[in-house]
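Chemist: Residue numbers (the UniProt record's numbering): 1 to 323.
Here a beta-carbon is modelled for each residue, glycine too, at the ideal position from N, C-alpha and C.
1. What is the DSSP secondary structure of residue 16, reduced to helix, strand or coil?
2. Taking the straight line between their C-alpha atoms, what separation do you get for residue 68 and residue 289?
3. Count the other C-beta atoms from every protein chain shown that fall within 10 angstroms of the C-beta of residue 237, then say buried if there are 16 or more, exposed otherwise.
4. Can you grab the Cα-Cα spacing for the pair residue 112 / residue 142, in whole Å?
5. Between the segment 156 to 170 and the segment 209 to 229, are three or more C-beta pairs nearer than 8 Å?
6. Suppose the cutoff is 7 Å on Cβ atoms and the five residues either side in sequence are ignored; what does the same chain contact list for residue 64 look like?
7. Which same chain residues, not among the five before or five after residue 151, have their C-beta less than 6 Å away from its C-beta?
8. Return the Cβ separation of residue 53 and residue 38 in integer angstroms, given the expectation that the two are a contact with Cβ distance under 8 Å.
9. I'd like to confirm the pairing. Which residues does DSSP put opposite residue 384 in its beta bridges?
10. Any idea which residues DSSP pairs residue 39 with across the strands?
11. Give the DSSP bridge partners of residue 51, in chain order.
12. What separation, rounded to the nearest whole angstrom, lies between the Cα atoms of residue 312 and residue 71?
13. Given residue 117, which residues of its chain have a CB within under 8 Å of its CB, disregarding the five upstream and five downstream residues?
14. Using a threshold of 8 Å, state whether the C-beta atoms of residue 230 and residue 283 are closer than that.
15. Closer than 6 Å by C-beta to residue 173: which residues in its own chain qualify, once you throw out the five before and the five after it? Chain order, please.
16. Which word fits residue 46, buried or exposed, when buried means at least 16 other C-beta atoms lie within 10 angstroms of its C-beta?
17. Using the three-state DSSP reduction, which class does residue 23 fall into: helix, strand or coil?
18. Name the DSSP bridge partner or partners of residue 11?
19. By alpha-carbon positions, which one of 122, 170, 171 ends up nearest to residue 163?
20. Distance, Cα to Cα, residue 183 vs residue 12?
21. Would you kindly check if the distance between the Cβ of residue 252 and the Cβ of residue 261 is under 8 Å?
22. Can you pull the DSSP bridge partners for residue 252?
23. Spatial neighbours of residue 188 within its chain, please: CB distance less than 7 Å, with the 5 preceding and 5 following residues excluded, ordered by chain position.
24. So is residue 255 buried or exposed if we call it buried at 16+ other beta carbons inside 10 Å?
25. If distances are taken between C-alpha atoms only, which option among 58, 16, 233, 17 comes closest to residue 36?
26. Please check the pair residue 324 and residue 126, which I expect to be a contact at CB under 8 Å, by giving their CB distance rounded to whole angstroms.
27. Could you name the residues of the same chain whose beta carbon sits closer than 6 Å to that of residue 49, not counting the 5 residues immediately before and after it, in chain order?
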């Protein structure tokens, strides 16, 4: 496919295409008819509606649809304070922390599996002792676990008020899972309940992480990375990885439900370099919409009109486009 788009195969309506291109429905419909775009039809109240496959649309339309979605992600990240109107120059990643990431990405699979299994049992003991539901117990357990793991890492004694379910755990269990979010705890619990104990080990090393960024969270990871890069070309791979972990989870969740660790900082560096080429059109449309539109203005005879944001688009995550 010529040029990269942040889109997964999906059917769209003329109204959605028009909103992304910032033209009227009539202008988009005229172009579709004149260019002979392929479509299917479905029955709707009052007649039939034409649906267009994104993969069959022209490059500029695919790019506009991608830009439209990433703009929505930008707004979301801005509301969270992750992005600012004028992004400050990012601080370089602390060398010690980058080194720690590389080290933590290659522990023995057996230790990760056994440690997460012990963590799950500790959580069950904690929840039962508190007489709480998962919804009530998971946030507090995750917070207490991280505090305990941080104290152990710093060589400090555990807080006296720490629940026994956590305080009785040996050091290696905290080393196997030093960071813990509610989402990660929930996925560990689901894996154990399904009997998928082997999945707790994750996949590290070699080329096992191929395509993780592209496919994680059904493409949501790519959306966030493009939103970040569109605001600052100079974000480090370390910072991009940190933002994904902060906004999505400590581990990546694949389309088949498998929980895997995020790739190393070095892999992120390579992926970002490739993404700047692959998604060049999308990034240009985000950074300089007027400049991007001037490339394709010939396709329409009308001036753009403002439209609201539409539904979320998923990301192209085919193995061929993998890290």
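Modeler: Taking the definition as stated:
1. helix
2. 11 Å
3. buried
4. 17 Å
5. no
6. 20, 21, 285
7. 158
8. 7 Å
9. Residue 384 lies beyond the range of the chain shown here (1 to 323); nothing can be said about it.
10. Its beta-bridge partners do not exist; DSSP assigns none.
11. 40
12. Note on residue 312: pLDDT 34, under 50, position unreliable in the model; the coordinate value appears next. So the two alpha carbons sit approximately 10 Å from each other.
13. 192, 197, 200
14. yes
15. 115, 118
16. exposed
17. coil
18. 53
19. 122
20. 31 Å
21. yes
22. 260
23. 116, 119, 120, 200
24. exposed
25. 58
26. Lying before the first or after the last residue shown, residue 324 is absent from the chain, which here runs from 1 to 323.
27. 42
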